[in-house]
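Number of protein chains: 2
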Amino acid sequence: MSANSRLTIAAHALAWIGLYQRQGHEVATSEKIAASANTNPVVIRRLLGELRRAGLVESRRGAGAGWSLARELGSITLLDVYDAVEPGPLFAMHRTTPDQGCVVGHGIQPAMRGIYRDIEETLRDELARVTLEKVLGDVLAAPRRPL
Amino acid sequence: MSANSRLTIAAHALAWIGLYQRQGHEVATSEKIAASANTNPVVIRRLLGELRRAGLVESRRGAGAGWSLARELGSITLLDVYDAVEPGPLFAMHRTTPDQGCVVGHGIQPAMRGIYRDIEETLRDELARVTLEKVLGDVLAAPRRPL
DNA sequence: ATCTGCCGTAACCATTACTGTTACGACAGC
DNA sequence: GCTGTCGTAACAGTAATGGTTACGGCAGAT
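Chains D and R, in that order, are what the protein sequence lines are. UniProt numbering numbers the first residue of the first sequence as 1 and each following residue consecutively. UniProt numbering numbers the first residue of the second sequence as 1 and each following residue consecutively.
Below you can see the structure in the form of structure tokens.
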């Protein structure tokens with residue numbers, strides 16, 4: 001499906017900011033986050049910009065600028081992040097309208113739409129079950145030195 | 001996520017072949033299926049080739065060639081089709097290894113892998129719940145003339 | 001008032017996946 | 001042989017993703 005890493009990187013950034021703030025810092029810079037994720041600061045700023053539009057983070061400009069959480073990690077779920085960074089549906093319909101003169105061509109889109117709706121609903125339930133608090137917990141639970 | 005229509009088209013083709021066979025025909029041609037899905041026969045042949053590799057359909061060559069089901073529609077699920085036509089995972093990790101010297105960079109991948117594994121397991125359960133028999137039933141249940 | 005650091009965003013590029021299309025050899029029944 | 005269809009390679013167009021450079025704008029520090 002040509003999966004992308006947007007949800008992963010966004011979760012990484014949120015967990016990083018959350019931990020950074022718990023260590024007493026005010027704001028996190030895109031440069032530091034990018035260094036942790038091993039990517040370019042612009043990539044981080046773009047993603048965090050989408051999270052800001054969704055009300056998950058805030059940004060300050062000027063000197064001493066940076067990013068901070070707009071909500072507690074425990075109140076943010078992967079569904080919030082998913083909705084913020086993933087626009088479209090999981091499965092696409094035909095790119096062109098099927099033959100409406102054919103029984104299958106006529107009925108396939110309503111049929112698949114209903115089926116996909118149920119499946120995506122289940123996916124959303126699962127995403128909503130995972131908070132960023134749990135993500136950070138899992139991150140910190142990773143063994144320091146795998147043998 | 002840049003969703004594609006592969007699962008939709010594959011389900012369309014299977015439902016079409018199934019209905020065609022119930023109408024007494026032996027084999028379906030990629031040209032007829034493509035006409036119903038309003039696409040190119042090569043697109044259909046490519047997808048059905050993947051379904052053949054998965055043991056869902058069979059193909060005959062030579063004169064009077066075409067495609068037929070290798071299994072009953074009732075025994076084929078959307079998960080079978082999904083596995084046949086969708087190679088990768090739903091969510092991708094970072095494209096480059098995160099900074100292993102950072103606590104978050106070190107723990108994020110194991111954490112997300114575990115979370116994604118659970119979510120994809122749920123998705124697979126949902127896909128396995130839908131048979132192609134049900135898909136065809138939903139197709140035929142679509143209203144003939146929406147007012 | 002200027003300096004400085006970082007955001008915000010545009011622009012461009014390389015890579016990849018998907019879909020559509022043409023072309024052509026291979027095969028098997030007639 | 002003739003014919004119709006598969007099987008597959010090859011190529012093009014479109015789009016998404018991720019990386020990169022560039023630069024204006026903002027606000028606190030000096």
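Cβ atoms here follow ideal geometry from the backbone N, Cα and C, with glycine treated the same way. Being a predicted model, the structure only gives us computed values, none of them experimental.
Taken atom to atom, the span from the alpha-carbon of R/L73 to that of D/D99 is near 22 Å. Against chain D, the beta carbon of R/S68 has no neighbour under 9 Å; the closest one sits roughly 16 Å away. Bridge partners of D/R45 according to DSSP: none are assigned.
Scanning the segment 38 to 116 of chain R for uninterrupted alpha helix (DSSP H) segments of 4 residues or longer gives 41 to 53 and 78 to 85, listed from N- to C-terminal end. Taking 8 Å as the CB threshold, D/N40 stays off the interface with chain R. Non-local C-beta neighbours of D/G105 in its own chain, meaning closer than 8 Å and more than five positions away in sequence, comprise P98 and D99, ordered along the chain. Chain-ordered, the chain R residues with CB closer than 7 Å to the CB of D/S5 read A92, M93, H94 and R95. Interface annotation for the segment 5 to 38 of chain D against chain R: S5, L7, T8, I9, A11, H12, A15, W16, L19, A35, S36, A37 and N38, criterion Cβ-Cβ distance under 7 Å. In the structure shown, D/A128 falls within a helical segment according to DSSP collapsed to helix, strand and coil. Residues of the same chain with a CB within less than 6 Å of the CB of D/I33, apart from the 5 flanking positions on each side, are A13, W16 and I44 in chain order. Taking the Cβ atoms as the reference, R/A11 lies roughly 45 Å from R/V103, outside the contact range of under 8 Å. The CB of R/T77 never comes closer than 9 Å to any CB in chain D; the least such distance is about 11 Å.
If you check each beta-carbon in the segment 50 to 66 of chain R against every beta-carbon of chain D, none falls closer than 9 Å. At a cut-off of 8 Å between beta carbons, R/T131 makes no contact with chain D. Put simply, of D/P87, D/R124 and D/M93 the residue whose alpha carbon is nearest the alpha carbon of D/A111 is D/M93. For D/E72, there are no neighbours in chain R by C-beta distance under 9 Å, as the nearest C-beta there is about 17 Å away.
Each of D/G18, D/L48, D/G62 and D/L19 was checked against the Cα of D/R6, and the nearest Cα belongs to D/L48.
Between the beta-carbon of R/P89 and that of D/A3 there is about 6 Å, and that keeps the pair under the 8 Å contact cut. Taking the beta carbon of D/A142 as reference, the chain R residues within 9 Å of it are V103, H106, G107, I108, Q109, P110 and A111, listed in sequence order.
The bridge partners DSSP lists for D/A28 are D/W67. Close to D/L127, with beta-carbon spacing below 8 Å, are these residues of chain R in chain order: I119. With contacts defined by Cβ atoms closer than 8 Å, D/T77 and D/L19 do not form a contacting pair. Under a 10 Å Cβ-count criterion, D/D80 is classified as buried, with 16 or more other Cβ atoms of the shown protein chains found around its own Cβ.
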